[in-house]
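Each remark here refers to the structure printed beneath this line.
In my numbering, the protein residues as written are 1246 to 1399.
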């Protein structure tokens, strides 16, 4: 009886700890989850650093959603292209690498266009600030994707 009560208490405590940990991760924005304000960490960083007004934030939010939708589509295409490429492991066929690089190239262009649109949305004073903070935003994006950023230039 005493042993059963103890095990039940341990299980309840572990469940509560797991729920609290998952809630903390979700609401703090780690791993790219949206923050309570509704923006992912990098978008929040840019909104704050550029001091976007409400109209600009609304336009940027729409742009960000479109960019994210396109990015997800490219990631699905990339997964398929990589699967096709790696089927060549058994035969040594590397001819399908072009499909992988083509999708990756489209993903980079998608991101480049997205940030050019954001820069165009900014006032001239914000554009100067944009030019100063965009590299930090890109480093933060890399970290949120689990990719180690390159070392800073000296």
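Idealized CB from N, CA, C, for every residue including glycine. In this text, all values refer to a predicted model and were calculated from it rather than measured experimentally.
Sub-9 Å separation of residue i and residue j beta-carbons
i: residue 1316; j: residue 1356; result: yes
i: residue 1367; j: residue 1358; result: no
i: residue 1352; j: residue 1380; result: no
i: residue 1326; j: residue 1344; result: yes
i: residue 1385; j: residue 1290; result: yes
i: residue 1382; j: residue 1287; result: yes
Backbone secondary structure at residue i - three-state DSSP
i: residue 1376; result: helix
i: residue 1364; result: helix
i: residue 1298; result: coil
i: residue 1247; result: helix
Residue interval of the alpha helix (DSSP H) (run including residue i)
i: residue 1289; result: 1286 to 1295
Which residue spans inside the segment 1311 to 1356 form an unbroken beta strand (DSSP E) run of at least 3?
none
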